[in-house]
Every structure is written in C-alpha cells, then in structure tokens.
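A short worksheet on the structure shown next.
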Amino acid sequence: MTPLTEQELHQLAMNIVGKEMEELGFEFISINSKPKKNPQFVALKDKTLHFVVVRAISYPANPVEYDQVFMNKLKDHGIKFKARTYYAGVGLANSKNYEIPVHHEEDYTINFAGLIEIK
160 MTPLTEQELH
170 QLAMNIVGKE
180 MEELGFEFIS
190 INSKPKKNPQ
200 FVALKDKTLH
210 FVVVRAISYP
220 ANPVEYDQVF
230 MNKLKDHGIK
240 FKARTYYAGV
250 GLANSKNYEI
260 PVHHEEDYTI
270 NFAGLIEIK
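Counting with the numbering used here, you get residues 160 to 278 for the letters of the sequence shown.
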C-alpha cells in the first residue's frame, strides 16, 4: 500500500475546501494548489474579496489550530486588498487505523470544521 504524499494530501484538502466554498456561493478568482504558496484560494462572495489558506492536517494534530503569527501576517496582507482572511484546516486520517498514514487503496476520515475567519 502506498501512502499519499504531502502534495496529494494537500490536493485532497483543497478539493474538500473548494467544494465547501462552491456550496457557500464563492466565486473563485485564483486557485494555487502549492502547499507553501498562500493563500490557496482567492475568491469573491457578496462583492467582498476572501483569502483562504488550506492545510492538510494529519492525525493526531488538531485541524482547527493554526499558526497565529503567520495567519495574522496574511490577514494584514489581505487588509491591503480589503479582503477577509480565513484558515481551513482539513484533518485527514486512515479510517481503519488513525495511527497509520492515509493510503491510496483505503478509506479515510475527514475532520473539517469549515472556514475559520481570522479576526
């Protein structure tokens, strides 16, 4: 069995967040699927610009906890563009055993609390 790479985990998280944003009525302006290029999503909703940082988080780390210093820097950057800034941590775990990596051939569990606005 082959574990998912960091890029594949990130892409999975991007798909989960992107689908949620579509359902919430966001219009995508740009999408950057590289894990270290931020924000991953720049989108419009209600004529307001939104920056969204996506992170794939492996068990046992908590997907709602984020690097506050980094996110505040990105929020300050967003303010220059009159954008609201969000963090989207997607917890991913192997559904058979949380202690082993997510594999291509096995089901996985998602822990996603939605977009967290950085205030």
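From the three backbone atoms N, C-alpha and C, an ideal C-beta is built for every residue, glycine too.
On a predicted model such as this, the values are computed, not experimentally measured, just so you know.
Candidates the options, of which the one nearest residue i by Cα
i, options, result
"PHE200", "GLY250, HIS169, MET160", "HIS169"
"LEU208", "GLU224, PRO162, HIS263, ILE188", "ILE188"
"GLY237", "ILE277, GLU258, ASN256, ASP226", "ILE277"
"PRO260", "PRO222, GLU224, ARG243, ILE216", "ILE216"
"ALA272", "ASP266, LEU251, TYR257", "LEU251"
"PRO281", "GLU182, ILE269, GLU186, ASN191", "No answer is possible for residue 281: the residues shown for the chain start at 160 and end at 278."
Exposed unless 16 or more other CB atoms sit within 10 angstroms - verdict on residue i
i, result
"TYR246", "buried"
"GLY248", "buried"
"PRO198", "buried"
"PHE210", "buried"
"VAL212", "buried"
"VAL228", "exposed"
"ASN253", "buried"
Chain D within 9 Å of residue i, Cβ atoms only
i, result
"ASP226", "Of the protein chains in this structure there is only one, and it is not chain D."
Beta-ladder partner(s) of residue i, from DSSP
i, result
"VAL201", "SER189, PHE210"
"ASN221", "The partner list for ASN221 (beta bridge, DSSP) is empty, contrary to what the question assumes."
"GLU126", "Nothing about residue 126 can be read from this structure; the chain reaches only from 160 to 278."
"LEU251", "SER217, ILE269"
"HIS262", "PRO162"
Assigned secondary structure, residue i (DSSP; H/G/I helix, E/B strand, else coil)
i, result
"PHE271", "strand"
"ASN256", "coil"
"GLY237", "helix"
"GLY184", "coil"
For the pair the region 228 to 246 and the region 187 to 196, tell me if three or more CB-CB distances fall below 8 Å.
no
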